[in-house]
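Just below is one structure, and these are the notes that go with it.
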Amino acid sequence: MSGTRRPVGSAERRAARQTVTISFAGFNRAWAAWIGDRLERRGLRVVYLRWDAPPEVPLADLLRGLSLAEGRVLILVSDWYFKLGPRTHEEWNAALGEVVAPDPSRFAAVSVTTAPIPAAAAVLAPADLVNIGPDEAERRLVERLDLPFEPLPEAADGRRAPRFPSAMPEVWGNVPRRNTRFTGREPLLNDAYHLLHGSEPGAGVLALYGMSGVGKTQLAAEYVYRFSSEYDVVWWINAEKRVSYRRQLAELAPKLGLSTGAEYGERLRAVRDALRRGEPFSRWLLILDGADDPDQIWDLVPTGPGHVLITSRNPQWGEHNSQLMQVPVYARDESVAFIRRRAPRLSEPDADQLAEALEDLPLLLDQTAGWLNDSDLSVEDYIALLEGGIDQDVVKVSADFPVAFQTAWSILLNKLRETVPESVDLLRLCTFFAPGFVPVRLLKDMPHDDLPEQLTGLLEDPLLWNRAINQLRQYSVVRLESHESTGEPGSTSGESLYLHRMVHQIVRNDMPEQERREFIEVVRRALAAADPGRATDTRLWDTYAELVPHLKHADVLKSQDTKVQRLVLNCLRYMYFAGEYSSGVKLGERALRAWRTTLGEDHPRIWELTYHYANLLRSSGDYERTEALERQAADHLRRERGDRDLDYLRAVNGLGADLWGLGRYDEALEIYQWLYPTYRDLLGEEDSRTLNALNNLGFGHRLLGHYQQALEIDEKTLESRRRLLKARHPWALMSEISYAIGLRLLGRYTEAESIQAKNVRECRLVLGSDNPQTLRSEHNLALCRLRVGDRTAAGALLTRVLERYERKLGDRQAETLAAAVSQSCFAREHGDIDQARETSESIIARYEAQLIAGHPFIAGARANHALILRSVGERDHAHVLIEQALAEMSTAVGENHPYTLGCAINASALRNLVGDTEGAAELSRQTVTRATETLGRTHPLTLSARVAHAADLRGLRDVQQAEKVEQGALSDLESTLGKQHVHTISARSRNRPYWDFEPQAT
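Residues 5 to 1006 in our numbering are what the sequence shown spells out, letter by letter.
The structure is reproduced here in structure tokens:
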């Protein structure tokens, strides 16, 4: 039986050779794709035939069936090809000798492995493609098929060829090591491929969902390795928490070659934009692993020409523009094949019996078969242990865990204790981190003084540490990952372990109490040691994003360690500045409840916690609750410490902001008029707390309509913050937004737009495109552009801002509602009136549900809605509503407040429209007088009142006076805004001006 090749002489055989059937194991799919592409480019027709070897069919029969395939059969020789079934080398030697040896020219082969293969495979005379470059590999392939070799030109159609399998994608990050024992799942892998590649551009999102332990992550990893040759970027992200997801997505920036600074937000924005545009790479694949809560991250899932593969226990991804694929437990034949590969000593009946007992759950099969292969225990005896339990309490685990899981794990832990007891210690330490990616490097990096004796050796002896990890890996208890450093301040590097949530829960519950107390304290100290200590530094947000998910599992709120408590406070501060309000409120509530019990009601740390918690609570819009909380704190601190105590002053500062949210602007201003000089006297003019009080004083003036005073204060605050902090510090950027808003409210639109455009760019760079402060900046930019007449840009930006506010903060948060108000007003004048009405009605309902009766925002929203009713012809209804809004606004903020003056401008128009011309003229006359006194003769609101009054005078047929008033207003409009400004042109055309209520969200 010769293994030599012989040429094919007949014309029929030459014609048949124009088709090549590639027979390959699914594991080697990337090789099949590359080889097929090279042959197709040479004019051959290629048929792909994935090799399967069901154990019930004789191997010789399978090979005879293969020989009937079209054209010449090209076998991709690999250890995987010969293992499927599984089959022994003896079986293969016999079958190859029986089927291939008599006519070896029917087959050709290439080898893509260095592993041992059956000796009889020599009859295939495989050409070796391993450890060579693509050009040489192609030459050997072509020669093995007896074809002339000529270098190929680039494809004329510009089609991208599959990458040579030995070459990695241009960008490759955080992908788990390939599971060389991966078994089955072929239909799922093929379906996933076709669903993603058959989707429309921008819609290539697929969620693999199923119960815990079913192998979703392993399936996703295998997809990556099989199809990676078709991607230029492959990036794996732990998506269990929003904060960690954002951090790992931002780390992609330098890998894509994006020119960004050190700021976290800049990197995140740049990555999302690059993926959306498909530049510099359009063939990208992101894997979002463990995304069990779609609401946390769905708004951050990239769109663009690439693909997103999600693993999750939650099928609700289907509600977020994702295709779904359920991952079931193994089919029995897959279970048997996997067990026999994992534990070769077990027979097929043994494997079937074990699969039945363990309910075909891949994770449990992997762990159990691994140690059974090293054990003398028979399958029958093991199953008896499962059915009879062991001599200890059986822990309770989640309802979606198989019944056998708890007992099987107890048996495995006993095995680990007998071999490497330190591996059990390490495993138990890991359970006080969150399940999933466990940053065990924090344990190695922490100070090792005063460690429990049994942990000292583990954490200080590298050999013992590696031995423990290797033992856990050997039994598939954990997966070892490495996390690459970005090189920026606060970035992390080193090893992490991946611990499945099922394993996490069973090990954590099955632990002696003494060890629980000792181990959890070690993890708390490790987390505290990793705290960078500067929560306002955006460059350190990556670190906080990594630490936050572990706080709950380390039960840090019960710790008496001041460093651990400081970590909690810093994390709350980070969550406030990063806009993670909802998660921050939950942590703050738990912390306040726990610390009041452990520290006492009057402990100094309680007041600091109250401050951070109140900031988050206020940002979520719960003003009444926040006001009660901070007033209680302020009253107590004043009684105990006096009114010069810094904790008292901090509580009063927050109380003023609560009063803003409640619409009690006069009270708030009185607070800041006292607070600013008090801070200045105690701490000096340029202390950050003094400047915060000055900033709040300026905002207090703005809320009361004192626009010029507010602008002067904002300018002073901005200059001081730029000098003391830096131009791109978040607080300096916030002051710049305030200053630009002040300019706009005073009618200095061009200046405001210029400053705000610059601020938007810097907020995006420093904070990220979805940070609330960035959205606030973009909202003001949209309003600036609207005022300078760029309606197209303003409308597009308003839409984007509102969408992102709703995703980030929800549709009831104060700033979201402010953006919705602007969008509704724009739609009324320049868009869809029905959409404007629907949005406006929703805004009123949300304000009424959230705010106290009589709040100025409710009156303002009603005033806006009256204009919509006017536009759709409901004049009488509009008139009643605007009169109600005018009365309510006057009561809420006074008759001279700009809000009230704006309502009056609208009310005079509606009076005119329903025939009350005298009432209209009298109201607009009063409005002009009050606006001139309050804002000045040339303020935009005053000018609108003057133009409106001219119209009302014409309604009274007082043409001469109307002309005089109109000309004076036009002259002032031209001198202040310019002859070509939209407001000037509109007034010249005698279009009656209206006022849009704009809520100043705190």
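The C-beta atom is built at its ideal place from N, Cα and C for all residues, glycine as well.
Contact annotation, C575 with L596: C-beta distance approximately 14 Å; criterion of less than 8 Å not satisfied. Between S586 and Y617, the alpha-carbon positions lie close to 11 Å from each other. In the DSSP assignment, H705 falls outside any beta strand (DSSP E) and lies within the alpha helix (DSSP H) extending over 692-707. Counting the other CB atoms within 10 Å of its CB gives I837 a total below 16, which places it among the exposed residues. The count of Cβ pairs closer than 8 Å, one atom from the segment 204-215 and one from the segment 319-327, reaches three, so the stretches are in contact. When C-alpha distances from R49 are compared across I26, G592, D565, Y753, the shortest belongs to I26. Between the segment 193-210 and the segment 240-260 there are fewer than three C-beta pairs closer than 8 Å, too few to call the two in contact. By the Cβ test, the segment 338-352 is not in contact with the segment 228-238, since fewer than three Cβ pairs between them sit closer than 8 Å. In this structure, the CA atom of L729 is about 19 Å from the CA atom of G772. Apart from sequence neighbours up to five positions away, the residues of its chain that approach L53 with a beta-carbon distance below 7 Å are T25, I26, S27, A73, ordered along the chain. Here Y851 is near A865, since their CB atoms are less than 8 Å apart.
In terms of Cα proximity to V305, the closest of K812, S990, N763, A823 is K812. Of the residues assessed, E94 falls on the exposed side of the cut-off, its CB having fewer than 16 other CB atoms within 10 angstroms.
When the beta-carbon positions are compared, Y743 and L779 stay at least 8 Å from each other. In this structure, the beta-carbon distance from E628 to L673 does not fall below 8 Å.
The shortest CA-to-CA distance from L289 to any of H311, E283, A831 is the one to H311. With respect to L156, R45 sits close: the two C-beta atoms are nearer than 8 Å. CA-CA distance, D670 to L708, rounds to 7 Å.
Per DSSP, F342 is one residue of the alpha helix (DSSP H) stretching across 336-346. The bridge partners DSSP lists for Y213 are S316, Q330.
Residue range 111-115 is occupied by the beta strand (DSSP E) that includes F111. Check the Cα spacing between V560 and each of L591, G906, A549, Y580: the tightest is with L591. In the three-state reduction of the DSSP assignment, I121 falls in the coil class. Under a 10 Å Cβ-count criterion, A558 is classified as buried, with 16 or more other Cβ atoms of the shown protein chains found around its own Cβ. For Y386, the three-state secondary structure derived from DSSP is helix. The Cβ atoms of A637 and W611 sit closer than 8 Å to each other.
When beta bridges are read from the DSSP output, A131 appears opposite V114.
Fewer than three beta-carbon pairs drawn from the segment 162-172 and the segment 267-283 are found closer than 8 Å, and the two stretches are therefore not classed as touching. Between A840 and I872, the gap from beta carbon to beta carbon is short of 8 Å.
When the beta-carbon positions are compared, I847 and V825 come within less than 8 Å of each other.
Fewer than three Cβ pairs drawn from the segment 526-544 and the segment 505-513 lie within less than 8 Å of each other, which leaves the two stretches out of contact. Judged by pairs of C-beta atoms under 8 Å, the segment 932-945 touches the segment 968-981, as three or more such pairs exist. By the beta-carbon neighbour count (other beta carbons within 10 angstroms, threshold 16), P173 is buried. Below 8 Å, too few C-beta pairs join the segment 522-530 and the segment 218-234 to call them touching: fewer than three. The three-state secondary structure of G799, taken from DSSP, is helix.
Residue pairing by DSSP places L290 opposite W239, V312 in a beta bridge.
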